[in-house]
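Colleague: Respectively, the protein sequence lines represent chains A and B. Residue 3 is where the first sequence starts when you use our numbering, and the numbers rise one by one after that. Residue 3 is where the second sequence starts when you use our numbering, and the numbers rise one by one after that. Each residue gets a CB set at the ideal place from its N, CA and C atoms; glycine is no exception. Since the model is a prediction, treat every value here as computed from it, not as a measurement.
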Amino acid sequence: VPVFPWHSLVPFLAPTQSD
Amino acid sequence: PSSALPPYFMKGSIIQLADGELKRVEDLRTEDFLQSAEVSTELKIDSSTVERIDSSRTPDAVIIQFSVGEHKAQVCVEVLVEYPFFVFGQGWSSCCPDRTTQLLALSCAKLSVGDVCISLTLKSLR
């Protein structure tokens, strides 16, 4: 049975810049 | 691009959290994502608010405009109407929940303007 990592399930949107 | 959704959205798919715990996709909760991101060295959770949902020229697709993170970066994504997003405190939601349920057997709410979705970004690189 394939096992998928949790981070596959939510979209990667633009990285935010930290100040 | 394939018209099929990724296999991990199918009801019953086994998802591994960052601490190694296994859960079915339909059993995931907001805390699972938050806790997994906490132990991740690279990823963090952002809040992405749905600002607009427009139809696309591509059949069965929509263009969703998100306001991402504390800086409210505007990001558009084109996805199939049945593509599920995870809404904070609500769970899986898509633009066409009936179609999501039909294709994936995954229970979904209707994704609407104002919903706050879980998205990922990189932790700041030093």
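With DSSP collapsed to three states, give me the class of residue 87/B.
Modeller: Here residue 87/B sits in strand by DSSP.
Colleague: Roughly how many whole angstroms lie between the Cα atoms of residue 105/B and residue 123/B?
Modeller: Distance between the alpha carbons of residue 105/B and residue 123/B: 28 Å.
Colleague: Look at the alpha carbon of residue 4/A and the alpha carbon of residue 18/B, and state the distance between them as a whole number of angstroms.
Modeller: Residue 4/A and residue 18/B: Cα-Cα distance of roughly 10 Å.
Colleague: Should residue 11/A be labelled buried (16 or more other beta-carbon atoms within 10 Å of its own) or exposed?
Modeller: Burial call: buried.
Colleague: In the DSSP assignment, find the alpha helix (DSSP H) that holds residue 19/B and state where it starts and stops.
Modeller: Run containing residue 19/B: none; DSSP gives neither H nor E here.
Colleague: Closest by CA to residue 116/B, which one among 66/B, 107/B, 125/B and 108/B?
Modeller: When each option's Cα is compared against that of residue 116/B, the closest is 66/B.
Colleague: Three-state secondary structure (DSSP) at residue 15/A?
Modeller: Three-state result, residue 15/A: coil.
Colleague: Going by the DSSP bridge assignment, what does residue 93/B pair with across the sheet?
Modeller: For residue 93/B, which the question treats as bridged, DSSP gives the partners 89/B.
Colleague: Nearest-angstrom Cα distance between residue 90/B and residue 47/B?
Modeller: Distance between the alpha carbons of residue 90/B and residue 47/B: 11 Å.
Colleague: How would you call residue 14/B, buried or exposed, if buried means at least 16 neighbouring beta carbons within 10 angstroms?
Modeller: Label assigned to residue 14/B: exposed.
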